[in-house]
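Undergrad: The opening residue of the sequence shown carries number 63 in this note's numbering; numbering runs sequentially from there.
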Amino acid sequence: MRKYELVFIVHPDLDETAFGGIVEKVTGWVTESGGSVEKTDVWGKRRMAYAIRKQREGQYVLMNVNIAPSFTAELERNLQILEPVMRFMLTEAK
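1. Have a look at I71, D77, R64 and flag the residue whose alpha-carbon is nearest the alpha-carbon of V88.
2. Return the first residue and the last residue of the beta strand (DSSP E) that L144 is part of.
3. Determine the burial state of G120: buried for a count of at least 16 other Cβ atoms within 10 Å of its Cβ, exposed for fewer.
4. Taking the beta strand (DSSP E) that G120 belongs to, which residues open and close that run?
5. Does any heavy atom of the ligand ADP sit closer than 8 Å to the C-beta of M148?
6. Roughly how many angstroms separate the alpha carbons of Y147 and A135, rounded to a whole number?
7. Identify whether G83 lies in helix, strand or coil by the three-state DSSP scheme.
8. What residues in its chain sit with their C-beta under 8 Å from that of R149, if we drop five residues either side in the sequence?
9. Let me confirm a value: M63 is counted as buried when at least 16 other C-beta atoms fall within 10 Å, else exposed. Which label applies?
10. For T93, which option in D75, Q142, Y122, N126 has the closest C-alpha, if you only look at C-alpha atoms?
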């Protein structure tokens, strides 16, 4: 297992329950793969530098996760398919 930082931006118009469902879904993918979530930090709604899908704001989430390197491609594919997630970045933590 390696440590990764996952930052993703969720559509700003989602209500609190839908937003929580997105975070729980990502957490579920990590735990189902045998990994673990060390910390989830919700940064809240913030203004973006440029528009993404005609939106100027997004709800930011930072997750510190431990996952197998072989699972990173599948996690990225799942995040691309998840409609409310506008952008994400998965990097290896030092």
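All residues carry an ideal CB built from backbone N, CA and C; glycine is no exception.
TA: Let me spell this out:
1. Working through the sequence shown from its first residue, we reach residue 88 at position 26. Of I71, D77, R64, the residue nearest in Cα terms is I71.
2. To locate residue 144, count along the sequence shown from 1; it is residue 82. Where L144 is concerned, there is no enclosing beta strand (DSSP E), given that its DSSP letter is neither H nor E.
3. Here residue 120 is taken as the residue at index 58 of the sequence shown, counted from 1. G120 is buried by the Cβ-count criterion.
4. As a working mapping, residue 120 is identified with position 58 in the sequence shown. Run containing G120: 117-129, per the beta strand (DSSP E) assignment.
5. The ligand ADP is absent from the structure shown, which contains no ligand whatsoever.
6. The residue given as residue 147 occupies position 85 in the sequence shown. The residue given as residue 135 occupies position 73 in the sequence shown. In the sequence as displayed, the identity of residue 147 is Val instead of Tyr. When rounded, the distance between both Cα atoms is 16 Å.
7. Counting from 1 along the sequence shown, the entry for residue 83 is found at position 21. Three-state DSSP puts G83 in a helix.
8. Looking up residue 149 in the sequence shown gives position 87. If we look at R149 and ignore the five residues flanking it on each side, its Cβ neighbours are F70, I71, I114, G120.
9. Taking the first residue of the sequence shown as position 1, residue 63 is located at position 1. Flag for M63 reads exposed.
10. As a position in the sequence shown, residue 93 is number 31, starting the count at 1. Checking every option, the nearest Cα to that of T93 belongs to N126.
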